[in-house]
Amino acid sequence: MSDPLRVVADVNVLVSAIRTPTGLCGRLIDEALTGRWLPVISGQRIEELEDVLARPAFRNLLSDEEIARFVLGLRAVAELVDDPPPIEKQLTRDPGDDYLVALAREAHADGLISGDRDLLDLIDPDPPIWTPSIFMTMIRGG
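According to this note's numbering, the sequence shown is numbered sequentially starting from -9.
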């Protein structure tokens, strides 16, 4: 069996996974738990996830225990890498998304998963950027 794909997941994918564990993004995390792919994360990525999940919109949906369990599970299954250096030239329409591309490049990830149009609309991105649906098809051999 070949090594699993090493992939950076956008926070929007991770938030969708915790909000709807039986949905597409939740099933992607399940696939990571079985070794079908390897999430690549950094300290900044974890902090962003925790910040988003601490917002009032999520506080009514998720308990502190659910959030802590999810983050600990992600840390347990993921490859933790250093944060990338700052980008010198803007790569995406949204400068905040440049970090994801830089992280994937610096970590030599095989790709990036996102639902963000600012990333998905990039022409010939390096590394490739996949929607959750396309990535699920890829890792399931479709």
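For every residue, glycine included, the Cβ atom is placed at its ideal position computed from N, Cα and C.
- Beta-bridge pairing of ILE119 - partner residues as DSSP gives them: LEU102
- Query: Hey, how far is the Cα of LEU62 from the Cα of LEU93?
  - Reply: 21 Å
- Three or more C-beta pairs closer than 8 Å, one from the stretch 50 to 66 and one from the stretch 79 to 92: is that the case here? no
- If you pair each beta-carbon of the stretch 34 to 46 with each one of the stretch 108 to 124, do three or more pairs fall below 8 Å? no
- Message: Could you tell me the alpha carbon to alpha carbon distance between ILE113 and THR82, rounded to whole angstroms?
- Response: 10 Å
- Note down, in chain order, each residue of its chain lying with its Cβ closer than 7 Å to the Cβ of THR10, except the 5 sequence neighbours on either side. GLY16
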